[in-house]
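Protein chains in written order, with our numbering: chain F, 7 to 212; chain P, 7 to 212.
All residues carry an ideal CB built from backbone N, CA and C; glycine is no exception.
Keep in mind the model is a prediction, meaning the values are calculated, not measured.
What follows is one structure encoded as structure tokens, with my remarks underneath.
2 protein chains.
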Amino acid sequence: MPQECNKKGMLFVVSAPSGGGKGTILKRVFNDPETVHYSVSATTRAPRDEDKDGVTYHFMSREDFEQLIDKGEFLEYAEYCGNYYGTLKSEVTENIESGKDVLLEIETKGAFNIKKTMPEAVLIFIIPPSMKELRRRLTRRGTEDEETINKRMEQAANEIRLAEKYDYIIINGDLDEAVADLAAVCKAARIKRNAKNIIDEVLKNA
Amino acid sequence: MPQECNKKGMLFVVSAPSGGGKGTILKRVFNDPETVHYSVSATTRAPRDEDKDGVTYHFMSREDFEQLIDKGEFLEYAEYCGNYYGTLKSEVTENIESGKDVLLEIETKGAFNIKKTMPEAVLIFIIPPSMKELRRRLTRRGTEDEETINKRMEQAANEIRLAEKYDYIIINGDLDEAVADLAAVCKAARIKRNAKNIIDEVLKNA
């Protein structure tokens, strides 16, 4: 039996400061829609031009969001700048039960809330190689003025200070290295998760 | 900076039931004498024909062994069938300090003692895919009669029951898979160990 086989999927929670280039790494490691589901968050913020409902977010009214809170349909939710953001149970638990891994891209507060509810979740923080490099990447995008970039830098430093509570930290310096590191971490997490089952299987099969 | 760089080496403690085929996997993963040191245990048992002092074991008299115990030179030691077996600090700490990983192949009791003294040690158990397959491998060797094999099988089952206290369990079924699994686990353990340093480095470099 391949060691990584297990009926249930795994939950990987990934956080990274804005501009860290998380998306590229994730797409390289989690590239098979048959085996992984990218969880889509729900939000009450207004959709922008580039947004697609059900793809970037599940967009909904404040009223609908609060109804789902009351029904206990969220694994975690929080309010930022007057808008709700949350992770629906249906995005996570159903996929895991069906054997698919679930990838959750959320910020630190949400990640810690998930870990409380689902301690088996694997928390991964993708970190820029240095603050200098992060500033270079944010500046290169050319979409924000210096004040906004300074704000993002400050926010990034705060998030990075929380990274030590994560299970693993992946440096996003060299892309191939980061991809190999993330792949190893996910493989090792699966191996760790399956340990108890393996012992039972091996001893049973005498 | 490559994520796996760190001044100090890592300590990997590997256990496996006799006949599990541990050696082949280890040689494939830890194949660079520049970066890894295979720790040699000390023992008071008499050398056999195939033994080489300083390679299979450091052979010594009971008196010498007990002197080293008194001097606190052992990380762990135990007595089996009237003979001492132990891990010398000099085999482990000096190499780790110099930046080399150390590989320690010992049985479960020694492994747990090491973990108590050095909680940063990574405990890895290499498990046969089934008890049936273990019996097949032991029988195929043709070096032991049935009674001895039965005894080994019983001992193996006892060790396997303790495997859940290990950090990782690697199934030794398909060799290539086992090698890939062990490599991933070691890589992930290094990434985990380096996390704190990484955060400090990234924030410092503003």
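Query	Result
Within the 9 Å Cβ cut-off, does Asn200/P reach chain F?	yes
Of all the CB atoms in chain P, is at least one closer than 9 Å to the CB of Pro134/F?	yes
Excluding five sequence neighbours on each side, which residues of the same chain lie with their C-beta closer than 7 Å to the C-beta of Lys121/F?	Ala127, Leu129
Using a Cβ-Cβ cut-off of less than 7 Å, list which residues of the segment 185-210 of chain F approach chain P; keep chain order.	Asp187, Ala190, Val191, Lys193, Ala194, Ile197, Lys198, Ala201, Lys202, Ile204, Ile205, Val208, Leu209
Within a Cβ cutoff of 6 Å, which residues of the same chain sit near Pro53/F, ignoring the five residues on either side of it in sequence?	Phe65
Mind checking if Phe18/F is an interface residue toward chain P, Cβ cutoff 9 Å exclusive?	no
Can you give me the C-alpha to C-alpha distance between Val14/F and Ile177/P, rounded to a whole angstrom?	Sequence check: residue 14/F is Lys here, not Val. Whole-angstrom Cα-Cα distance: 19 Å.
Residues of the segment 167-179 of chain P in Cβ contact with chain F at a cutoff of 9 Å, in chain order, please.	Arg167, Ala169, Glu170, Tyr172, Asp173, Tyr174, Ile175, Ile176, Ile177, Gly179
Any beta-carbon of chain P closer than 9 Å to the one on Ala163/F?	yes
Determine the contact status of Leu209/F and Ile132/P, defining contact as a CB-CB distance below 9 Å.	no
For the pair the segment 188-205 of chain P and the segment 185-196 of chain F, tell me if three or more CB-CB distances fall below 8 Å.	yes
Quick one: what's got a C-beta closer than 6 Å to Asp38/P's C-beta in the same chain, skipping five residues either side?	none
How many Å lie between Arg199/P and Lys171/F at the Cα?	13 Å
Does the segment 42-60 of chain F touch the segment 89-97 of chain F, meaning 3 or more C-beta pairs lie closer than 8 Å?	yes
Could you tell me the distance, in whole angstroms, from the CA atom of Leu110/F to the CA atom of Leu32/F?	11 Å
Rounded to whole angstroms, what's the CA-CA distance from Lys138/P to Met159/P? Just pull it up for me.	10 Å
Have a look at Gly25/P and Phe80/P and give me their C-alpha separation to the nearest angstrom.	27 Å
Based on Cα-Cα distance, which residue from Val98/F, Ala162/F, Asp151/F, Gly116/F lies nearest to Val108/F?	Val98/F
What's the gap between the Cα of Gly60/F and the Cα of Phe36/F?	19 Å
Could you spell out the range, first to last residue, of the alpha helix (DSSP H) harbouring Glu153/P?	152-168
Short of 8 Å in beta carbon distance, which residues of its chain neighbour Thr123/F, apart from the five on each side in sequence? Order them along the chain.	Leu81, Glu82
So Ile102/P and Leu181/P are in contact, right, with Cβ under 8 Å, and what is the actual spacing, rounded?	The Cβ separation is near 28 Å, so there is no contact.
With 16 as the cutoff for other CB atoms within 10 Å, does Gly116/F come out buried or exposed?	buried
Taking the CB atoms as reference points, tell me whether Ala2/P and Asn119/P lie closer together than 9 Å.	Nothing can be reported for residue 2/P: it is not among the residues displayed for chain P, which extend from 7 to 212.
At the level of alpha carbons, what is the spacing between Gly78/F and His43/F?	22 Å
Kindly identify the DSSP beta-bridge partner or partners of Val128/P.	Phe18/P
Against chain P, with Cβ distances strictly below 9 Å, would Lys28/F count as a contact?	no
Pick helix, strand or coil for Asn178/P, following the three-state DSSP scheme.	coil
In whole angstroms, give me the CA-to-CA distance for Glu56/P and Thr149/P.	14 Å
Mapping the DSSP letters down to three states, classify Asn200/F as helix, strand or coil.	helix
Closer than 9 Å, CB to CB, is Asn89/F near chain C or not?	In the structure shown, chain C cannot be found, because the protein chains are F and P.
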